[in-house]
Amino acid sequence: MIIGITGSIACGKSTVSNYLKSKGYIVIDADKIGHEALDDDYVKEKLILAFGNEILDDNKINRQKLGELVFGNSSNLNVLNSIIHPEIRKKILQKIDKNNDKEFIFIDVALLFEAKFDDLVDKIIVVYVDKNTQLTRLMKRNSISEKEALSRIVSQMSPIEKAKLGDYTVNNNLDVINTYEQVDKVLSELKKGYCK
60 MIIGITGSIA
70 CGKSTVSNYL
80 KSKGYIVIDA
90 DKIGHEALDD
100 DYVKEKLILA
110 FGNEILDDNK
120 INRQKLGELV
130 FGNSSNLNVL
140 NSIIHPEIRK
150 KILQKIDKNN
160 DKEFIFIDVA
170 LLFEAKFDDL
180 VDKIIVVYVD
190 KNTQLTRLMK
200 RNSISEKEAL
210 SRIVSQMSPI
220 EKAKLGDYTV
230 NNNLDVINTY
240 EQVDKVLSEL
250 KKGYCK
């Protein structure tokens with residue numbers, strides 16, 4: 060069974076994914092695949108054609124410069140996604156195929172719905188927090204201003220919208236122990252073979 064783990068930016072997907080990894084589960088990290096794709100010559104060439112040489116530092120894509128061009132600009136974000144998402148999908152499918160003997164394969168992907176990756180999974184876990192917690196965590200984690208954080212948050216589907224589309228939800232507003240307990244409950248339900 061393939062399970063998607065999603066949630067808006069700074070909601071705690073990594074907390075859930077790392078916990079699952081610690082329990083021995085395979086977790087495919089779409090963000091990591093996306094970052095690796097930026098080093099691919101084909102992807103780099105397409106990004107330079109779309110956004111110009113100013114996104115380069117020492118002949119490598121500077122993610123911060125690229126981010127400044129796309130967050131808050133839906134047209135640029137759509138261009139980026141049209142270049143990077145097919146590469147991410149291809150790599151995810153390769154990793155699923157490589158691990159097809161496992162009972163569960165988890166895919167950590169922030170843009171599960173937005174990138175139309177939900178067709179790759181059988182069940183969906185949505186990790187969410189309230190808006191204030193999300194904003195505070197993002198500003199602290201990325202060392203960015205409130206304005207920058209808000210532009211990134213609004214570029215994604217809201218946590219509440221995502222939660223409505225999931226099969227399971229994990230409220231990550233409380234402490235990590237509480238989050239782990241919720242994940243354990245989801246695992247138990249997955250093993251039983253039924254949904255919420």
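The numbering of the sequence shown is our numbering, which starts it at 60 and goes up by one. Where a beta carbon is used, it is the ideal one built from N, C-alpha and C, also for glycine. These numbers come from a predicted model, not from an experiment.
Find out if the Cβ-Cβ distance for the pair residue i, residue j is shorter than 7 Å.
| i | j | result |
| --- | --- | --- |
| residue 92 | residue 150 | yes |
| residue 142 | residue 105 | yes |
| residue 216 | residue 172 | yes |
So is residue i buried or exposed if we call it buried at 16+ other beta carbons inside 10 Å?
| i | result |
| --- | --- |
| residue 193 | buried |
| residue 83 | exposed |
| residue 152 | exposed |
| residue 249 | buried |
| residue 101 | exposed |
| residue 76 | buried |
| residue 124 | exposed |
| residue 236 | exposed |
| residue 211 | buried |
| residue 72 | buried |
What three-state label does DSSP hand residue i in the structure shown?
| i | result |
| --- | --- |
| residue 234 | coil |
| residue 97 | coil |
| residue 102 | helix |
| residue 181 | coil |
| residue 87 | strand |
| residue 75 | helix |
| residue 251 | helix |
By Cβ distance below 6 Å, which residues in the same chain neighbour residue i in space, the five residues on each side in sequence not counted?
| i | result |
| --- | --- |
| residue 110 | 128 |
| residue 187 | 66, 70, 218, 222 |
| residue 158 | 85, 164 |
Going along the chain, which residues of its own chain have a beta-carbon closer than 7 Å to the beta-carbon of residue i, five neighbours each way excluded?
| i | result |
| --- | --- |
| residue 189 | 232 |
Looking at chain B, is there any beta carbon in it that lies within less than 7 Å of the beta carbon of residue i?
| i | result |
| --- | --- |
| residue 170 | In the structure shown, chain B cannot be found, because there is only a single protein chain. |
Going residue by residue through the stretch 195–246, where are the continuous beta strand (DSSP E) segments of at least 3 residues, counting only ones entirely within it?
227–230
Scan the stretch 126–174 and note each continuous beta strand (DSSP E) run of 3 residues or more that stays entirely inside, going in chain order.
164–167
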